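With our numbering as the guide, the letters of the sequence shown map in order to residues 811 to 1002. Beta carbons are placed, not taken as given, at the ideal position from N, Cα and C, and that holds for glycine. In this text the structure is predicted, and so the values were computed from the model without any measurement. Encoded as structure tokens, the structure appears first; notes follow it.
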Amino acid sequence: MSLRVTHYGEPILRKIGTPVEIFDAQLKELADAMLETMYHADGIGLAAQQIGQALQICVLDVRPPEGANLHFDCRFDGKALPLDVIMPLALINPQVEITDPSPEVYEEGCLSFPAVNGRVTRPAGVRCRFQDLAGEPHVIEANGLLGRCILHEVDHLNGVLFIDQMDKGDLNKNASRIKQLKRASRDFLKGK
Ligand SMILES: [Zn+2]
């Protein structure tokens, strides 16, 4: 079931997610619904706040289109596994550490900000400790697009949005669109 994606201006996006404590069928259903929503919206990552729940769970799938090259390195529990084994991935209660602080700039988008894109500087490499849907602990190390996607999604789980870190010039360029989104969300919430 594809869920409604929350948009900028809805207070849920600024809420810090509470840790997941129960790893049951309901959690699996939530992760499946989040993945379906993400694929439906052509996204590569989605956090619980974006479907209206302040919980420490996000999903991602950064597999490149058929035939395209991978532009990142990834180790899962210390092993270089094929991406099809790792993805799609649900990160539950993730904790991120920076392994390579060199700044990288890349143009990001976000499903909660339709038609908004801008450059965001992030550290080049990360290590993320998390639990899977069964509650088992894992660690994923990544750089490039996957490292960035993990950082973007884990930010969501902590109420942080990509506009908070966006290049100031790009933020200005998007200012009217962002205002418009905020107004639309206010009207949507009023009508509820
Ligand atoms: Zn986002």
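Shortest alpha-carbon distance to residue i belongs to which of the options?
| i | options | result |
| --- | --- | --- |
| L893 | K983, E876 and R932 | E876 |
| T847 | L813, E820 and K825 | L813 |
| H962 | I854, H881 and I988 | I854 |
| Q863 | K1002, K825, L956 and D852 | K825 |
| H881 | G819, N953 and C920 | N953 |
| G935 | I822, L956 and E917 | L956 |
| L943 | I822, A835 and Y818 | A835 |
| I960 | C920, L837 and H850 | C920 |
| R932 | V949, F923 and T909 | T909 |
| H966 | R993, F923 and K1002 | F923 |
Measuring CB to CB, does residue i end up less than 8 Å from residue j?
| i | j | result |
| --- | --- | --- |
| F940 | P898 | no |
| E951 | C868 | no |
| V964 | V906 | yes |
| D887 | G928 | no |
| N984 | V926 | yes |
| Y818 | L999 | no |
| M844 | I861 | yes |
| A858 | A900 | no |
Go to residue i, then tell me how far its alpha helix (DSSP H) extends in each direction, as first and last residue.
| i | result |
| --- | --- |
| Y849 | A835 to H850 |
Between which two residues does the beta strand (DSSP E) harbouring residue i extend?
| i | result |
| --- | --- |
| F1005 | Any answer about residue 1005 is impossible in this case: the structure gives the chain only from 811 up to 1002. |
| L967 | Run containing L967: none in the beta strand (DSSP E); it sits in the alpha helix (DSSP H), G954 to L967. |
| F886 | C884 to F886 |
| I896 | No beta strand (DSSP E) contains I896, which is instead part of the alpha helix (DSSP H) from L893 to I896. |
| N903 | L899 to E918 |
| L880 | Neither: L880 is in no beta strand (DSSP E) and is coded neither H nor E. |
| L921 | It is not in any beta strand (DSSP E) - L921 carries neither H nor E in the DSSP assignment. |
| A857 | G855 to A857 |
List the whole-angstrom C-beta distance separating residue i from residue j, where the pair is believed to meet the contact cut-off of C-beta under 8 Å.
| i | j | result |
| --- | --- | --- |
| T828 | L856 | Their Cβ separation, rounded to whole angstroms, is 18 Å, which puts T828 and L856 out of contact at 8 Å. |
| S995 | E820 | 5 Å |
What are the uninterrupted segments assigned as alpha helix (DSSP H) that are 4 or more residues long and contained completely in the region 971-999, given in chain order?
-> 978-983
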